[in-house]
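Just so we're aligned, residue 131 is where the sequence shown starts under our numbering, counting upward by one.
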Amino acid sequence: MIIPAYDVQGSSWDMTTLPPGPLAELHAYWQGKRAGRPWPSRADIDPLDIPLLLKYLLLIEVERLQPMRIRFRLVGTNFRQFFGRDLTGLTRDEAELKDGPEGGLAAMMADWREVLQRGEPRWASVQQKVGRDGLDWVRFTGLALPLSREDTPHPNRAADMIMLCTLYHPDEATSGGAA
């Protein structure tokens, strides 16, 4: 499956600029689970604590940073719909996710790598090329939050998991090219 290109319309490491709503609520949840550490561990996160966001969540385990190898640990229903199937438990290779000529997957993974290396959350407003279901482009706002598989994250190591939350804006989708 080829991952289409995406165009970052706006992005920030500054969580005070995060628009109010579900992403800000998820960030507050993540902050509360940090407990003074750089980021929470996977064990600290219970998706059932945030049931209204569960369908928008994607939990990725990073098996290797360079070159990046990922495994999908939790795939919310909105991501299942986007990918056309459930990727839970699969690596990128097993899911047969390939980069398109526009480099969308490479760009996403570079963003994820940066979140892991910095150990800080990042949010972005994105326009993504779809080219199916009568749509050329969709717009979404997403939040990437670093996590650790270890119960006590080590401050001198990069985070090794990412919790992503993506809110699609179907009213802003286009069928005639980029907006």
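Every residue gets a Cβ at the ideal spot worked out from N, C-alpha and C, and that includes glycine.
*asked:* With DSSP as the reference, identify every bridge partner of residue 253, one or two as the case may be.
replied: 142, 273
*Please classify residue 276: is it buried, with 16 or more other beta-carbons within 10 angstroms of its beta-carbon, or exposed?*
buried
_For residue 279, the three-state DSSP class (helix, strand or coil)_ = coil
*asked:* Starting from residue 201, trace the beta strand (DSSP E) in both directions and tell me its first and last residue.
replied: 199–205
*asked:* Does residue 187 come out as helix, strand or coil in the three-state DSSP assignment?
replied: strand
*Would you identify the three-state DSSP class for residue 218, choosing helix, strand or coil?*
coil
*asked:* Contact between the segment 289–297 and the segment 186–206 is defined here as three or more beta-carbon pairs at a separation below 8 Å; is this criterion met?
replied: yes
_Closest to residue 150 by C-alpha separation, out of 246, 226, 273, would be which residue?_
273
*Ignore the nearest five residues each way along the sequence and tell me which others in residue 189's own chain have a CB closer than 6 Å to its CB.*
203, 204, 293
*Terminal residues of the alpha helix (DSSP H) in which residue 156 lies*: 152–164
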